[in-house]
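In mature numbering (1 follows the signal peptide of the UniProt record, and there is no 0), the protein residues as written are -20 to -1, 1 to 293.
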């Protein structure tokens, strides 16, 4: 019996190797990348300057928003207090695609705002902002299910998202866009680590070359069909997503040509080592697949209800 078990074990390894999968690590757990409602914006606006060594969490600063001109930041305004929440994608002049878990049902839409047209949203003089008028979330989304499906949302803004530095992203609903081993980009306005356990929000947009492929750790869950897993494509495997990157897109296409970029997923949750308290992870992240039939059906209906129209690949 022991021989049979051993043979089965090695056959499993061969199958995993043949598919390019990564083995599951029992020390990992699935968690939502905490949204950024606790991240104060005023401390940055009031002139805190950061050294260049503190600005990057193993990703690269975006020199100009024109590299990813469809990326926006979502903020929560309570009186004079402003907090950064999540990242989003412009998919219509009035509509932003992001994650459902970014929002608190008890908070009115008007307290959320979308800021855009800058790769440094901490600079009030560079960013443009508009309030959120309404939002659409799939009715089956359960916020208490930390890694459940339907973690996608559409926001309609009060004013059009319009600037020479902003463009509408193409979305890719094709099933073929999430098959096989592919290259892409992880992008977001999230925090960056400044020490072993500390994190800061400096308002900067960052990107990381990514590889999205089947990972054994992702494939073992019953709801895996809803997600596309991705992680750093660097040779050393360094870099990953952080708090505040939630809602950001998984993008395919040549980095130097934004008009050819295609959004295939929305950042929902990430792996981290059990009981880890850090705000960033290199263990891989999961994106809600736009090609998943239930996600696609919801998004098309929600966009129609909001009076907008997707640009599709």
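For each residue, glycine too, the CB sits at the ideal point set by N, CA and C.
Residue 53 is bridged by DSSP to 67 and 95.
A distance below 8 Å separates the beta carbons of residue 244 and residue 152.
DSSP links residue 180 through a beta bridge to 172. Shown here for residue 291: same chain residues with a beta carbon closer than 6 Å to its own, the five before and five after excluded, namely 148 and 150 in chain order. Secondary structure note for residue 133: its beta strand (DSSP E) is the uninterrupted segment 133 to 137. In the same chain as residue 58, and ignoring 5 residues on each side of it, no C-beta atom comes closer than 6 Å to its own. In the displayed model, residue 87 falls within coil according to three-state DSSP, outside both helix and strand. Under the three-state reduction of DSSP output, residue 204 falls in the helix class. Residue burial is scored here from C-beta neighbours: residue 88 has fewer than 16 other C-beta atoms within 10 angstroms and is therefore classed as exposed.
According to the DSSP secondary-structure assignment, residue 61 is paired through a beta bridge with 58. Residue environment for residue 287: exposed (fewer than 16 other C-beta atoms within 10 angstroms of its C-beta). Taking the Cα positions, residue 128 is about 24 Å away from residue 75.
For residue 230, the enclosing beta strand (DSSP E) has its first and last residue at 229 to 232. Residue 165 sits in a strand when the DSSP states are folded into three classes. Here residue 90 has 111 as same chain residues with Cβ atoms under 6 Å from its own Cβ, once five neighbours each way along the sequence are excluded. When the beta-carbon positions are compared, residue 97 and residue 116 stay at least 8 Å from each other. Secondary structure at residue 77: strand, using DSSP grouped into helix, strand and coil. Taking a contact as a CB-CB distance under 8 Å, the pair residue 278 and residue 248 does not count as one, their CB atoms being some 14 Å apart. Residue 244 sits in a strand when the DSSP states are folded into three classes. Taken atom to atom, the span from the alpha-carbon of residue 202 to that of residue 141 is near 38 Å. Each residue's CA atom was taken as its position, placing residue 138 and residue 122 some 27 Å apart.
Residue 186 and residue 101 have their C-alpha atoms roughly 12 Å apart.
When 130, 167, 92 and 237 are compared, the shortest CA-CA separation from residue 136 is found for 92. For the 8 Å CB-CB criterion, residue 70 and residue 146 form a contact. For residue 113, no alpha helix (DSSP H) segment is defined; the enclosing uninterrupted segment is the beta strand (DSSP E) at 108 to 117. In this structure residue 223 does not touch residue 67 by the C-beta definition: roughly 11 Å separates them, more than the 8 Å allowed.
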